[in-house]
Amino acid sequence: MNSIKQHAYKYKIFTSFTFQIETMRPKVLIIVPAYNEEITIGRVLSGLKDECPYFDIVVINDASEDDTSVIARNTGYAKVIDLPVNLGIGGAVQTGLRYASINGYDCAVQFDADGQHRPEDVKQLVELVLNNECDVAIGSRFVGESRLHETDLMRRIGIRIFEAFSLILIRKRIRDHTSGFRAFNHKTIDFIMHEYPVDYPEPEIVVLLARNKFRIKEVFAQMYSRQGGVSSIPMLRGPYYMFKVMIAMLVARLRPKEL
């Protein structure tokens, strides 16, 4: 009888300790905006679950016209939110950020659905944010082991222009403004879920965050060529795109501080 009581007591201690560990673990959400990514979405979610088993995943299906939503649901690895109309990358990411804020996540990671990012790089961005080294961590192709020479000419020009323009506007060199691989802490989530730009948002949000004194840090992250889907950045209209984004960056810089 005493042996049974001892085992029961040990089990109670073990389950109590396990519960404490679970409640102490920071809540991290990976936001995967997806539009017509049926070719890659299953592999992306599987990779994320293997590398980040304790992180939650939400797929924001931006009114895809293929089986993106069905495939994502069938993996069983992610919650899927289906938008009734196509909002673009900005609206999809903002939806994910609102979900993260409402559900009290400590960190949210934006991760593209096209297979460009490596799931094993997620933790390094999350650690930077959770260790309070920065408010926003950006996975960049062009710091450390730079791969700028591997991009096409138009992208290289755009990258350099955005880098120089951000240095002028916010006195900070951001080398990969268009990276869709970012981690945000809770304070940043609560701010940008109301402010996230809709049209080509990545460069603009960097300026807006820096303007409001959020700490931004870039870290090298290997990226691959798009494995499927269509880019949201129209390279055939490169000059128009760059002009439009620079205007948006300037407007973000001229806005009054909100914090």
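Its first residue numbered 86, the sequence shown is counted upward by one per residue in this note's numbering.
All C-beta atoms, glycine included, are put in the ideal place defined by N, C-alpha and C.
Contact defined as beta carbons within less than 8 Å: I believe Gln195 pairs with Phe266. What is the distance between those atoms, to the nearest angstrom? 7 Å
Buried or exposed (CB count within 10 angstroms, at least 16 for buried), Phe328: exposed
Note down, in chain order, each residue of its chain lying with its Cβ closer than 8 Å to the Cβ of Gly175, except the 5 sequence neighbours on either side. Tyr281, Pro282, Val283, Asp284, Tyr285, Pro286
In the DSSP output, what is Gly175 paired with across the bridge? According to DSSP, Gly175 bridges with nothing at all.
Taking C-alpha atoms, which residue in Glu248, Leu238, Tyr120 lies nearest to Thr263? Glu248
For Gly127, I'd like the list of residues in its chain whose CB is within less than 7 Å of its CB, leaving aside the five on either flank, ordered along the chain. Ile156, Thr160
Under a Cβ-count criterion, where at least 16 other Cβ atoms within 10 Å of its own Cβ denotes burial, should Glu303 be classed as buried or exposed? buried
Simplified DSSP assignment, three categories, for Phe140: coil
Can you tell me the Cα-Cα spacing of Arg203 and Ser186, whole angstroms? 25 Å
7 Å Cβ cutoff met for Val165 and Ser154: yes
Cβ neighbour criterion (16 or more within 10 Å) applied to Arg260: buried
Could you check the C-alpha separation between Arg338 and Ile255 for me, to the nearest Å? 8 Å
Give the secondary structure of Asp167 by DSSP, where H, G and I count as helix, E and B as strand, and everything else as coil. strand
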